[in-house]
Amino acid sequence: MTPTSSERGQETRQRLLDAAAQLIVEDGWGAVTTRRAADRAGLRPGLVHYHFRTVEDLLVEASLAAARREAGSAAELLASAGDPEEGVTQVLEMLSSYSAADPSTVLFSEMLLASTRVERLRGELAELLGEWRGAVADWLASVSAASGGEASAGEPGSEASAGEPGSEASAGEPGGASAAREDHEATALLLGAALDGLVLHRLIDPALARIPVTDQLARLAGARGGTGRR
Numbered sequence: 368m369t370p371t372s373s374e375r376g377q378e379t380r381q382r383l384l385d386a387a388a389q390l391i392v393e394d395g396w397g398a399v400t401t402r403r404a405a406d407r408a409g410l411r412p413g414l415v416h417y418h419f420r421t422v423e424d425l426l427v428e429a430s431l432a433a434a435r436r437e438a439g440s441a442a443e444l445l446a447s448a449g450d451p452e453e454g455v456t457q458v459l460e461m462l463s464s465y466s467a468a469d470p471s472t473v474l475f476s477e478m479l480l481a482s483t484r485v486e487r488l489r490g491e492l493a494e495l496l497g498e499w500r501g502a503v504a505d506w507l508a509s510v511s512a513a514s515g516g517e518a519s520a521g522e523p524g525s526e527a528s529a530g531e532p533g534s535e536a537s538a539g540e541p542g543g544a545s546a547a548r549e550d551h552e553a554t555a556l557l558l559g560a561a562l563d564g565l566v567l568h569r570l571i572d573p574a575l576a577r578i579p580v581t582d583q584l585a586r587l588a589g590a591r592g593g594t595g596r597r
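Heads up, the numbering used here is the position in the sequence shown plus 367, with the first residue counted as 1.
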């Protein structure tokens, strides 16, 4: 079947996005020009500005597309996990593939540096990270509910002790659900920051990959005991 005009336009746009991402990795954000992007995509230079207002817009779209794919993959891994240990283990396995020479790592490094200068990129990246944290908070709430909550009946912080002086409200009491959500969102923020920092430290010193961290991160995510895994 002959492609429609819309389909051809989408293909052209994707070729330009792929070309821009490759050039960012190879030569850096500031080295990408209209002609270089068009040449890499095998297209006329005029098509760059037909699909994107500026080269900067092309670079922003290309880098954000890659970031969305990675964030989406991590969120899907967590969503498919039935408990904190499994979720953290799967995400750590995904992150173990990152290295200083990995194209995704280089692209993200260039993107983060550019975000200090490009307001649109910074804003949309912040929105994407917020969506990721929201997805993680949803997962934390799901696994917490499936396990019956963080603490067992009668223990501090459990629903059975919620009525005791100084105890937190249970999810069924006024403010309890809101407090639980805030806790999951805060945990999602800390978990994301820990994972980002872990990647950074391992990039600088690959020998750190030998240090087991799964148990510690799983506890942060709400696991009750050790996993015995790295």
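Ideal Cβ placement from N, Cα and C applies to all residues, glycine included.
Where Ile578 falls: helix, strand or coil (DSSP): coil
Alpha helix (DSSP H) runs wholly inside the segment 396–431, at least 4 long, in chain order: With a minimum length of 4 residues, the continuous alpha helix (DSSP H) runs that stay inside the segment 396–431 are 401–408 and 413–418.
Under the three-state DSSP convention, the category Asp385 falls into: helix
Cβ contact (3+ pairs, closer than 8 Å) linking the segment 427–438 and the segment 489–501: yes
Straight-line Cα distance separating Asp385 from Met425: Reading off the sequence, residue 425 comes out as Leu, not Met. Each residue's Cα considered, the two are about 10 Å apart.
Proximal residues to Ser416 (C-beta, below 8 Å), its chain only, five neighbours per side dropped: Looking at the sequence provided, one finds His at residue 416 rather than Ser. Within the same chain, Cβ atoms closer than 8 Å to the Cβ of His416 are found at Thr401, the five residues on either side in sequence being excluded.
Three-way DSSP call (helix, strand, coil) for Arg484 in this model: coil
Residue interval of the alpha helix (DSSP H) (run including Ala555): Gly543 to Ile571
Pick from Trp499, Glu393 and Arg382 that is closest to Leu474, judged by C-alpha positions: Glu393
Gly454: first and last residue of the uninterrupted alpha helix (DSSP H) it sits in: Pro451 to Leu462
Contact between the segment 452–461 and the segment 371–384 (3+ Cβ pairs under 8 Å): no
Buried or exposed (CB count within 10 angstroms, at least 16 for buried), Pro451: buried
Sequence-distant residues of the same chain with beta carbon closer than 6 Å to Glu441, five excluded per side: In the sequence under discussion, the amino acid at residue 441 is Ala, which differs from the Glu named in the question. Answer for Ala441: Val458, listed in chain order.
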